[in-house]
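Asks:
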Amino acid sequence: MGNCIICGTPVDGEICESHEEDAVFEFRGTSASQLTPGRYYRGTVDGYADFGVFVDIGDHVTGLLHRSELDQRLESLDWEPGDDVFVQVLDVRDNGNVDLGWSIRQREREFRGKLIETGDDEYRPEEFEDDADESDTETTTETTTSEGSAAESDELTDDRAATAGELQAAADETEPESETDAVDEQSPAADTAGSVASSGSVATESAAASTPATDAEPDDESEPALKRTTIESIENQVGNVVHLEGEITGVRQTSGPTVFELRDETATVECAAFEEAGVRAYPDVELDDVVALEGEVEHHHGDLQVETESLDILEGDERDTVVDRLENALEREARPADVELLADHDAVAAVESNIADAATAIRRAVMEARPIVVRHGATADGYVAGAAIERAVLPLIREKHTREDAEYHYFERRPLDGRVYDMDAATNDVTSMLEARERHGEQLPLVVLVDAGSTVESTDGYELLSLYDAEALVIDDSRADDEVTDAVGVDVAPSLAGADVSDVTSTALATNVAAHVNDDVRDDLEHLPAVSYWENTPEAYLDLATEAGYDETGVSERREAVALEAYYQSYKDKRELVIDLLFGDGDESGRPRDGDLAAHVSEQFRDKLETELETARENLTVEGVNGVTVSVLDTDAFTHRYNFPTTILLLDALHRSERDRADSPYVTLGVGDDELHVRATAPVNVRDLGDSIAEAVPNGGVSVVGGQDGHVEFLPGERDAVREAALEALGETLA
7 MGNCIICGTP VDGEICESHE EDAVFEFRGT SASQLTPGRY YRGTVDGYAD
57 FGVFVDIGDH VTGLLHRSEL DQRLESLDWE PGDDVFVQVL DVRDNGNVDL
107 GWSIRQRERE FRGKLIETGD DEYRPEEFED DADESDTETT TETTTSEGSA
157 AESDELTDDR AATAGELQAA ADETEPESET DAVDEQSPAA DTAGSVASSG
207 SVATESAAAS TPATDAEPDD ESEPALKRTT IESIENQVGN VVHLEGEITG
257 VRQTSGPTVF ELRDETATVE CAAFEEAGVR AYPDVELDDV VALEGEVEHH
307 HGDLQVETES LDILEGDERD TVVDRLENAL EREARPADVE LLADHDAVAA
357 VESNIADAAT AIRRAVMEAR PIVVRHGATA DGYVAGAAIE RAVLPLIREK
407 HTREDAEYHY FERRPLDGRV YDMDAATNDV TSMLEARERH GEQLPLVVLV
457 DAGSTVESTD GYELLSLYDA EALVIDDSRA DDEVTDAVGV DVAPSLAGAD
507 VSDVTSTALA TNVAAHVNDD VRDDLEHLPA VSYWENTPEA YLDLATEAGY
557 DETGVSERRE AVALEAYYQS YKDKRELVID LLFGDGDESG RPRDGDLAAH
607 VSEQFRDKLE TELETARENL TVEGVNGVTV SVLDTDAFTH RYNFPTTILL
657 LDALHRSERD RADSPYVTLG VGDDELHVRA TAPVNVRDLG DSIAEAVPNG
707 GVSVVGGQDG HVEFLPGERD AVREAALEAL GETLA
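Under this note's numbering, think of the first position of the sequence shown as 7, with each following residue one higher.
In structure tokens:
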């Protein structure tokens, strides 16, 4: 029985229950299960992720302080890796993950007491230090005794030398026996270095290496080297020392070891190297270096990790051998064996080879441990297309990386405001990728533009990426510009192949790419093309959705629900919500069983849209120009600019609802203070329309954003002149 260190109350231990939150604990245990939820602990910052901060609690346990637990924005934290911080343990999950909470107290003196928790008991610091001093004294005594005994037993040297010779001979004669651990000589992944030594061979070498030096005759033959193994095979070699060869794809410094991410032709693994706490190990080894590494395979927080014993940069022929092996394996595994489109569709078939190229580029990025950033429009088509790519890529990342949180480091979906990849978006991406390289040692990403980025207005953004050697590809159903072909690595744009794009969506293109990125998810994607069409859905896609269990109502509800959710928090990916809406388990009609989520959200969509449509219809101005009927809506005066729906979605719905009433060519024209949008029953080249307006209003600051399918921007002071010029140009074009 002792007294509480804070209030002095008699307790079994060092602190009473009512004052546990007033003390800070220093953890000296070895397992997350030894932590006590509710207590505050001293920790050190291990690193950042987009979803929070990893904090080391002692030497053996790392927890996650999720950004939702912070009292400020994650970006505003001034913590650096290695900084001491104070956090609260909220929960220790069954899988060993530790959930942390924010502590407003970030100095030890702000707590009313300090204790050391070992997992077995709690100690006051002075008591723990006394115990440690006694232990050190006992160890010193034992060491001295051992040295004295060794001095008195020189006669055993010859016996030790004989033992070492026997072990060395056994190691020389041992051949690998484990087929699981060895690299198959016939496998494409194998090289001429042969198979990995079996666990028995490794154990023999370790024993021989640890035998004390003797006066025995020196052996002319050097100790046999470990044979190369592959990363995908080390799961069966926990506890063994292995030899790996590959490329360094990530370097990050923690408060303890330096963590290198190593990629070979089969997978990627983290390799921890320790110099001293917080000090960079192997400082000459950098990103993209080709190396040979030896270390012991261990489990670290549930993930495979290699404890590095040696790390050497390869040069010359040795480097070339590894590079060739990696490149050959990448090309062989990344490129689809053949292209099998989801359905017959002329516009998609026109870019069949481009689809294969895009799938190859995405698969290569995963295998090279490069992050993938998907940029898509904040529309229903954009979100569904981006989700299709996400659905295909995430399982590959989990398969190729041993880190449990790999999918958060190597895949990100960032919606765009509009369909242009402008300098604002590109600057954001470049800033993020440079921070990730500096903070986490990550490689430069592959940027995938979906439902956006296929017009000349995006080339400045691509040029900025290229200055940093960051690769980009585009998947878009718009009428694209030829300049984009040279600006990106791969384009999946049917218009550039001369195809009619009037009946294709970006989702139809993206799902075909995704199906070739990961054939295992092909069945999950088959209903998505139908979801992306507001009207005139190709019959082949309706059939696919029906076969997948989604009837017409289920398809339309998902489209409307995603369109509504795309509007709110439009800059966020909303990954889990989108997954629930698009891929949630459903009944035979395709509706989710868990509360009819899509049906509920789509009902809100219809209510909000119909309210705005009623207002818009009452305020349309109908004009006839050269036999063309033009309905003009003042989008600033008669729409709620900051409520759902967006101007574009409203104009689309308004045009669909009104056009069938007109016998002549029909146009819906939305004119705001500085923007003009056009919808017509016949194709209109908005770029040509903009040129005509600019010629009529030379001082109007007229420009076109988004190419032939974009919109016109102008100076607010020339609004009336721009409106009249647009009406005249449309009458001449469509009459």
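The beta-carbon is built from N, C-alpha and C at its ideal position, and this holds for glycine as well. Since we're looking at a predicted model, the values are computed, not measured.
Once DSSP output is grouped into helix, strand and coil, what is the label at serine 663?
Replies: Within the sequence shown, residue 663 is the residue found at index 657, counting from 1. It is helical.
Asks: Between the segment 674-693 and the segment 656-663, do at least 3 Cβ pairs fall closer than 8 Å?
Replies: Yes, the segment 674-693 is in contact with the segment 656-663.
Asks: Measure how close the beta-carbons of valine 51 and aspartate 89 come, nearest whole angstrom, since I'm counting them as under 8 Å.
Replies: To locate residue 51, count along the sequence shown from 1; it is residue 45. To locate residue 89, count along the sequence shown from 1; it is residue 83. Yes, valine 51 and aspartate 89 are in contact; Cβ-Cβ is about 5 Å, under 8 Å.
Asks: Which same chain residues, not among the five before or five after aspartate 679, have their C-beta less than 6 Å away from its C-beta?
Replies: Locating residue 679 in the sequence shown gives position 673, counting from the first residue. Counting only Cβ-Cβ distances below 6 Å, and skipping sequence neighbours, we find Asp642, Pro722.
Asks: Check for me: the beta strand (DSSP E) holding proline 451 runs from which residue to which?
Replies: The residue given as residue 451 occupies position 445 in the sequence shown. Looking at the DSSP string, proline 451 is not in any beta strand (DSSP E), and its letter there is neither H nor E.
Asks: In three-state DSSP terms, what is glutamate 324?
Replies: In the sequence shown, counting from the first residue as 1, residue 324 sits at position 318. Here glutamate 324 sits in helix by DSSP.
Asks: Helix or strand or just coil, what does DSSP make of tyrosine 47?
Replies: As a working mapping, residue 47 is identified with position 41 in the sequence shown. In the structure shown, tyrosine 47 sits in a strand (DSSP, three-state: E or B).
Asks: Just curious, the beta strand (DSSP E) that valine 380 is in, first and last residue?
Replies: Along the sequence shown, one-based indexing puts residue 380 at 374. Looking at the DSSP string, the run of the beta strand (DSSP E) that includes valine 380 is 378-383.
Asks: CA-CA distance, phenylalanine 60 and isoleucine 403?
Replies: The residue you call residue 60 lines up with position 54 of the sequence shown. The residue you call residue 403 lines up with position 397 of the sequence shown. If I take the Cα positions, the gap works out to 20 Å.
Asks: Would isoleucine 237 pass as a contact of threonine 264 if the rule is Cβ separation under 7 Å?
Replies: Within the sequence shown, numbered from 1, the residue matching residue 237 stands at position 231. Within the sequence shown, numbered from 1, the residue matching residue 264 stands at position 258. Against a cut-off of 7 Å, the Cβ pair of threonine 264 and isoleucine 237 comes out as no contact.
Asks: Please list the terminal residues of the continuous beta strand (DSSP E) segment that includes proline 421.
Replies: Position 415 of the sequence shown, counted from the start, is the residue given in the question as residue 421. Element bounds for proline 421: 417-422.
Asks: Give me whichever residues DSSP pairs with isoleucine 742 in a beta bridge.
Replies: Past the boundaries of the shown model lies residue 742; the chain is included only from 7 to 741, so the question cannot be answered.
Asks: With three or more C-beta pairs closer than 8 Å as the rule, is the segment 387-402 touching the segment 544-551?
Replies: Touching, no, given that fewer than three Cβ pairs across the two stretches are closer than 8 Å.
Asks: Would you report the Cα separation of glycine 560 and glutamine 78, rounded to the nearest angstrom?
Replies: Mapped onto the sequence shown, residue 560 falls at position 554. Mapped onto the sequence shown, residue 78 falls at position 72. Going from the Cα of glycine 560 to the Cα of glutamine 78 covers about 40 Å.
Asks: Sort Ala298, Glu292, Ala279, Glu346 by Cα distance to lysine 233 and report the nearest one.
Replies: As a working mapping, residue 233 is identified with position 227 in the sequence shown. The candidate whose alpha carbon is nearest that of lysine 233 is Ala298.
Asks: Keeping to the same chain, check which residues put their C-beta closer than 8 Å to that of valine 748; ignore five residues upstream and five downstream.
Replies: Absent from the model: residue 748. The displayed extent of the chain is 7 to 741, so no value can be given.
Asks: Which stretch, first to last residue, makes up the beta strand (DSSP E) that contains serine 239?
Replies: What you label residue 239 is simply residue 233 of the sequence shown in a count that begins at 1. From DSSP, serine 239 is part of no beta strand (DSSP E); its letter is neither H nor E.
Asks: Using 8 Å as the threshold, is the segment 453-468 in touch with the segment 486-495, meaning 3 or more CB pairs across them?
Replies: The segment 453-468 vs the segment 486-495: in contact.
Asks: What is the residue span of the alpha helix (DSSP H) that alanine 371 lies within?
Replies: Counting from 1 along the sequence shown, the entry for residue 371 is found at position 365. From DSSP, the alpha helix (DSSP H) with alanine 371 extends over 358-373.
Asks: Out of Glu81, Val93, Glu86, Ser82, state which residue places its alpha-carbon closest to the alpha-carbon of leucine 70.
Replies: Indexing the sequence shown from 1 puts residue 70 at position 64. When each option's Cα is compared against that of leucine 70, the closest is Val93.
Asks: Which residue spans inside the segment 64-119 form an unbroken alpha helix (DSSP H) run of at least 4?
Replies: Fully enclosed alpha helix (DSSP H) runs of 4 or longer: not present.
Asks: Excluding five sequence neighbours on each side, which residues of the same chain lie with their C-beta closer than 7 Å to the C-beta of histidine 533?
Replies: By 1-based counting over the sequence shown, the position of residue 533 is 527. Cβ neighbours of histidine 533 beyond the five flanking positions: Leu550, Ala551, Ala554, Tyr556, Val561.
Asks: Tell me whether glutamate 123 sits in a helix, a strand or coil according to DSSP, three-state version.
Replies: Translated into the one-based positions of the sequence shown, residue 123 becomes position 117. In the structure shown, glutamate 123 sits in a strand (DSSP, three-state: E or B).
Asks: In the DSSP assignment, find the unbroken beta strand (DSSP E) run with isoleucine 21 in it and report its ends.
Replies: By 1-based counting over the sequence shown, the position of residue 21 is 15. Isoleucine 21 -> no beta strand (DSSP E), and no H or E assigned at all.
Asks: Counting pairs of beta carbons, one from the segment 278-286 and one from the segment 248-268, are three or more of them closer than 8 Å?
Replies: The answer is yes - the segment 248-268 touches the segment 278-286, with three or more Cβ pairs under 8 Å.
Asks: Is it a yes or a no for the segment 351-359 touching the segment 418-425, going by three-plus beta-carbon pairs under 8 Å?
Replies: Not touching, per the Cβ criterion.
Asks: Would you call glutamine 714 buried or exposed, if buried means 16 or more other Cβ atoms sit within 10 Å of its Cβ?
Replies: Start at 1 with the first residue of the sequence shown, and residue 714 comes out as number 708. Its Cβ being crowded by 16 or more others within 10 Å, glutamine 714 is buried.
Asks: Looking at the structure shown, is tyrosine 129 part of a helix, part of a strand, or coil, going by DSSP?
Replies: By one-based count along the sequence shown, residue 129 stands at place 123. The answer is strand: DSSP assigns tyrosine 129 an E or B state.
Asks: From Asp323, Asp294, Arg113, Val275, pick the residue whose C-alpha is nearest to that of glutamate 300; which is it?
Replies: Residue numbering aside, residue 300 sits at position 294 when the sequence shown is read from its first letter. Comparing Cα positions, the closest option is Val275.
Asks: Would you decide whether valine 244 is buried or exposed? Buried here means 16 or more other CB atoms lie within 10 Å of its CB.
Replies: Within the sequence shown, numbered from 1, the residue matching residue 244 stands at position 238. Classification of valine 244: exposed, given that the 10 Å Cβ count is below 16.
Asks: Ordered along the chain, which non-local residues of its own chain (more than five positions away) have a Cβ less than 8 Å from that of glutamate 114?
Replies: Here residue 114 corresponds to residue number 108 of the sequence shown, with the count starting at 1. Cβ neighbours of glutamate 114 beyond the five flanking positions: Val30, Arg48, Phe92, Lys120.
Asks: Indicate, with yes or no, if the ligand MG has a heavy atom lying under 6 Å from the CB of glycine 119.
Replies: Looking at this structure, you won't find the ligand MG or any other ligand, since it has none at all.
Asks: For histidine 661, which residues of its own chain have a beta-carbon under 6 Å away from its beta-carbon, when the five flanking residues on both sides are left out?
Replies: On the sequence shown, residue 661 is found 655 positions in, with the first residue counted as 1. Taken in chain order, the residues that qualify are Thr674, Arg685.
Asks: Between Val98, Val312, Tyr288, Asp428, which lies nearest to threonine 235 when the distance is taken from Cα to Cα?
Replies: To locate residue 235, count along the sequence shown from 1; it is residue 229. Nearest option by C-alpha distance: Val312.
Asks: Alanine 727 and valine 703 - do their beta-carbons sit closer together than 7 Å?
Replies: Here residue 703 is taken as the residue at index 697 of the sequence shown, counted from 1. Here residue 727 is taken as the residue at index 721 of the sequence shown, counted from 1. Yes, the pair counts as a contact, with Cβ atoms nearer than the cut-off.
Asks: Just checking my contact of leucine 473 with alanine 432 at CB under 8 Å: how many whole Å lie between their CB atoms?
Replies: Position 467 of the sequence shown, counted from the first residue, corresponds to residue 473. Position 426 of the sequence shown, counted from the first residue, corresponds to residue 432. Actually they do not touch by this definition, with Cβ atoms about 10 Å apart.
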